[in-house]
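Shown next, in structure tokens, is the structure this report addresses.
Number of protein chains: 2
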Amino acid sequence: MSQETILEAVQPERKQQRRSIVTQQKLLDAAIEAFSENGFKGTSTRDIAERAGVHHPLITYHFKNKEKLWHAAADHIFGAFTHALANSLAENRQMDPKKRMSTMIRIYVEYARNHPALHKVMIQEASYPNPRLDWLIETHLKPLFETTFEMLEKLQKLGVAAPGNPAILFNMIRLSSGGLLTLGNELKGSSGIDIDDPETLDEISDMIVRLFLPGEMPPRSSTA
Amino acid sequence: MSQETILEAVQPERKQQRRSIVTQQKLLDAAIEAFSENGFKGTSTRDIAERAGVHHPLITYHFKNKEKLWHAAADHIFGAFTHALANSLAENRQMDPKKRMSTMIRIYVEYARNHPALHKVMIQEASYPNPRLDWLIETHLKPLFETTFEMLEKLQKLGVAAPGNPAILFNMIRLSSGGLLTLGNELKGSSGIDIDDPETLDEISDMIVRLFLPGEMPPRSSTA
DNA sequence: GCACTAATGGTCCAATTCGGTAAAAAATTT
DNA sequence: AAATTTTTTACCGAATTGGACCATTAGTGC
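Chains A and B are the protein sequences, given in the same order.
Sequential numbering of the first sequence, starting at 1, is according to my numbering.
Sequential numbering of the second sequence, starting at 1, is according to my numbering.
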């Protein structure tokens, strides 16, 4: 979590003021929200400043320019998610693989509900080829996905996860959870699904586990 | 298919010229592409005209304004998809329910590959509440979804489709197919999935059928 | 071929918005 | 109180916005 930013590199002869941290935080949150809704091109720095309740030149002051603000915002939300995920996985280190994966799914569903911007930003940038997408893939997506691929493959060998290309399988899980919640505004009207109902979230998580991890864990052998 | 547009309402004392239809077509295609990439707000009419290779005042001439162009473009792509779907379903009228649903999935996967704008536009508009989303739901989504819900419920009763809320199930299918292909630009880099490979499309379709329609059709009884 | 209209091309518009800068004012830290 | 960080206010020039206007061209119906 080194989002004390950018400016730290210059030369902080004096320590950063608290209100400065607050406005940076507000700007990052507002930026993520705006970028996730309207994409990079479709978002103006003025819109972001307004959402943050802050004067727009502060963006230049704190983040230099729009591009750097986008990167900082992406780092911010991915960092927070990775952190939440790592925490939860550390807690469940001794659980069996199926339980661990189920937990990850549950966390992601919950996270996607509370921070839909995480998935939305990926969609926005994947919308057409651009350098930000490449950066996102290399910096955040690949590291995040790799461990999950491995976990899934292991589960497939154990007969727990459904067979087939694990990469495709993983992405289907990703879309059935995060992608589904991203459509929140539409689901109620088109399908009568209310993602604000906590029971709905459980229903989604349970269904994903049932669909994608249909097998049961084999009884633990003494040698392994 | 009444996308001969808008102007027909005025009073066509003479019949529409062929080149006019061509430019309208080009504008509709360009509009869908642009709107799907950058959303309504993020798209300029000039961008659309440029993509279409057409002078931008022609948008005003043919579609009155940006809003009406969006609606015409949405009608256009949803009409085309509904048409393709209906055609294929008509061909397979005598097939058993599981086969029919599998066919629908296959069609949607293929369609989403060749016309990613269909799904992208829905995502763009669902990104935040707005009147276009409401219109989209009422005009196109609900009619399109209703029949599928029913088919799915029937398949659940037959033990073919996975159990659980059919609306959620349906939307997971929708996202595992169309939503997945929408991420095309990202999937290669992040997961090594190449959606330009026809085999990948088959793999996706097959996996969806296996995951969501795991049961086999019961042998046909003589009375039903 | 002629008259009429639909369609296009090219130009212009006024308004707004864009990202970013500069310098004064205010708030904090030392 | 001095020094420095942060915020505020005002402003910039460039680009873009959706749309209007009219002369020209192409196609239609006779």
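We treat Cβ as the ideally placed atom computed from N, Cα and C, and that holds for glycine.
Secondary structure at Gln124(B): helix, using DSSP grouped into helix, strand and coil.
For Leu211(B), the closest alpha carbon among the candidates Ala90(B), Leu85(B), Glu146(B) and Lys98(B) is that of Lys98(B). Not a single C-beta of chain A is nearer than 8 Å to the C-beta of Asn114(B).
Between the alpha carbons of Val121(B) and Ala90(A) lies a distance of about 39 Å.
DSSP places Asp134(A) in the helix class (H, G or I) of the three-state scheme.
Between Leu144(A) and Pro166(A), the C-beta spacing is not below 8 Å. If you ignore the 5 residues before and after His140(A), its C-beta comes within less than 6 Å of the C-beta of Phe78, all in its own chain and listed in chain order. Taking 8 Å as the Cβ-Cβ cut-off, the segment 166-195 of chain A approaches chain B at Ala167, Ile168, Leu169, Phe170, Asn171, Met172, Leu175, Ser176, Gly179, Leu180, Thr182, Leu183, Gly184, Asn185, Glu186, Leu187, Gly189, Ser190, Ser191, Gly192 and Ile193, given in chain order.
Those residues of the segment 75-94 of chain B placed with their C-beta closer than 7 Å to a C-beta in chain A do not exist. For Ile204(B), the neighbours in chain A by C-beta distance under 7 Å run, in chain order, Ile168. With contacts defined by Cβ atoms closer than 8 Å, Leu175(B) and Gly179(A) form a contacting pair. When the beta-carbon positions are compared, Asp206(B) and Thr200(B) stay at least 8 Å from each other.
Under the three-state reduction of DSSP output, Leu28(B) falls in the helix class.
Minimum Cα-Cα distance from Leu136(A) among the listed residues Ala161(B), Asn114(B) and Gly189(B) corresponds to Gly189(B).
Residues Leu152, Leu155 and Leu213 of the same chain have their beta carbon placed closer than 6 Å to that of Ala161(A), with the five preceding and five following residues left out of the count. Using a Cβ distance threshold of 8 Å, Leu183(B) and Val109(B) do not count as a contacting pair. For a cut-off of 8 Å, the C-beta gap from Ile107(B) to Ala74(B) is around 20 Å, too long to register as a contact. Not a single CB atom of chain B sits nearer than 8 Å to the CB of Glu50(A).
Asp96(A) has a beta carbon lying at 8 Å or more from every beta carbon in chain B.
Proximity to Phe35(B) across Thr23(B), Ala49(B) and Val22(B) peaks at Ala49(B), based on C-alpha coordinates. Proximity of chain A to Ala31(B) at the Cβ level (cut-off 7 Å) is not reached, the minimal Cβ distance being about 15 Å. Look at Leu152(A): its C-beta is not under 8 Å from any C-beta on chain B. For Asn65(A), not one C-beta of chain B is nearer than 8 Å to its own C-beta.
Rounded to whole angstroms, the gap between the alpha carbons of Pro131(A) and Met217(A) is 42 Å. Spanning the alpha carbons of Asn92(A) and Lys142(A) requires a straight line of approximately 23 Å. When DSSP states are grouped into helix, strand and coil, Lys15(A) belongs to the coil group. With fewer than 16 other beta carbons inside 10 angstroms of its own, His55(B) counts as exposed. With 16 or more neighbouring CB atoms inside 10 Å of its own CB, Arg113(A) falls in the buried class. In this structure, the alpha-carbon of Thr147(A) lies about 55 Å from that of Arg19(B).
Among the CB atoms of chain B, one or more fall inside 8 Å of the CB of Glu37(A). Using a Cβ-Cβ cut-off of 8 Å, Ala162(A) is close to Met207, Arg210 and Leu211 of chain B, given in chain order. Nearest to Ser177(A) by alpha-carbon distance, out of Ser102(A), Phe149(A) and Glu125(A), is Ser102(A). Within chain B, not a single residue places a beta-carbon under 8 Å from that of Gly215(A); the smallest gap is close to 12 Å. Near chain A, meaning a CB-to-CB distance below 7 Å, the residues of the segment 115-127 of chain B are Lys120, Met122, Ile123, Ala126 and Ser127.
Rounded to the nearest whole angstrom, the CA to CA distance from Leu158(A) to Phe81(A) is 28 Å.
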